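Student: Dropping a structure here in structure tokens format, bear with me for questions.
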Amino acid sequence: MTTTTRATGTFDVKMLPQTPSDLAAAANLGRMTLDKSYRGDLEGAASGEMLAMMTDTPGSAVYVAIERVRGALSGRSGSFALHHTGIMDRNAQGLSIAVVPDSGTEQLAGIRGTLMIRIEGGKHFYDFDYTLP
């Protein structure tokens with residue numbers, strides 16, 4: 197039986213807009229790089245990219261992102277990738293963040309899980325439910 201563990205902590209993120217390709221600009225897509233620092237049960241750094249689109253309807257948008265996290269999770273070192281899908285439907289928000297299957301390395305090989313984000317008082321928090329073999 198596999199036991200799910202919850203890791204919690206905080207993170208900082210820096211997002212830098214990138215120049216979109218002509219095709220992306222014509223489709224009203226924006227692109228950003230991500231630079232994150234995780235603290236708590238997950239200690240490490242992440243880098244990645246985000247692709248986003250705002251619609252003509254106020255409060256409706258979408259983003260997808262992929263980030264590679266490197267560091268230690270509850271004392272186990274390695275890396276893994278997360279994929280994000282965020283949807284706003286007339287201000288109703290939905291967010292899914294999950295570990296990319298088979299992306300874990302070193303002591304994090306075989307990791308699976310989902311990550312939830314909270315923003316309280318301008319500070320970012322994570323709750324990461326994961327399993328390891």
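Everything in the sequence shown is counted per my numbering, starting at 197 for the first residue and increasing by one. For every residue, glycine included, the Cβ atom is placed at its ideal position computed from N, Cα and C. Keep in mind it's a predicted model, so treat the numbers as computed, not measured.
Tell me which residues share the same chain as Met-250 and place their Cβ nearer than 6 Å to its Cβ, disregarding the 5 neighbours each side in the sequence.
Tutor: For this step, residue 250 is matched to residue 54 along the sequence shown. Only Ala-257 meet the Cβ criterion.
Student: Out of Gly-226, Ala-221 and Thr-206, which has the shortest C-alpha to C-alpha gap to Pro-213?
Tutor: Here the question's residue 213 lines up with position 17 in the sequence shown. The option with the nearest alpha carbon to Pro-213 is Gly-226.
Student: How would you write the range of the alpha helix (DSSP H) that Leu-219 sits in, first residue to last?
Tutor: Taking the first residue of the sequence shown as position 1, residue 219 is located at position 23. Note, Leu-219: alpha helix (DSSP H), 218-222.
Student: Taking only the alpha-carbon atoms, compute the straight-line gap between Asp-323 and Leu-219 and give it to the nearest angstrom.
Tutor: Indexing the sequence shown from 1 puts residue 323 at position 127. Indexing the sequence shown from 1 puts residue 219 at position 23. Spanning the two alpha carbons is a distance of roughly 36 Å.
Student: With DSSP as the reference, label Val-304 as helix, strand or coil.
Tutor: Here residue 304 refers to the residue found at position 108 of the sequence shown. Val is not the amino acid found at residue 304; the sequence shown has Leu there. Leu-304 falls in the helix class under three-state DSSP.
Student: Taking just the CA atoms, how far does Met-228 sit from Thr-310?
Tutor: Here residue 310 refers to the residue found at position 114 when the sequence shown is read from its first residue. Here residue 228 refers to the residue found at position 32 when the sequence shown is read from its first residue. In a straight line, the C-alpha of Thr-310 is about 22 Å away from that of Met-228.
Student: Could you spell out the range, first to last residue, of the beta strand (DSSP E) harbouring Thr-281?
Tutor: Sequence index remark: in the sequence shown, residue 281 carries index 85 (1-based). Note, Thr-281: beta strand (DSSP E), 272-285.
Student: Please name the residue, chosen from Pro-254, Thr-206, Ser-217 and Val-296, that lies closest to Gly-353 on a Cα-to-Cα basis.
Tutor: Here the chain has residues from 197 to 329 only, and residue 353 is not among them.
Student: Looking at the unbroken beta strand (DSSP E) that takes in Gly-255, where does it start and where does it end?
Tutor: Taking the first residue of the sequence shown as 1, we reach residue 255 at position 59. Taken as a continuous stretch (DSSP letters only), Gly-255 belongs to no beta strand (DSSP E), as it is neither H nor E.
Student: Once DSSP output is grouped into helix, strand and coil, what is the label at Thr-199?
Tutor: Position 3 of the sequence shown holds residue 199. Note: Thr-199 maps to coil in three-state DSSP.
Student: Which of helix, strand or coil does DSSP assign to Gly-317?
Tutor: Mapped onto the sequence shown, residue 317 falls at position 121. Gly-317: coil per DSSP, three-state reduction.
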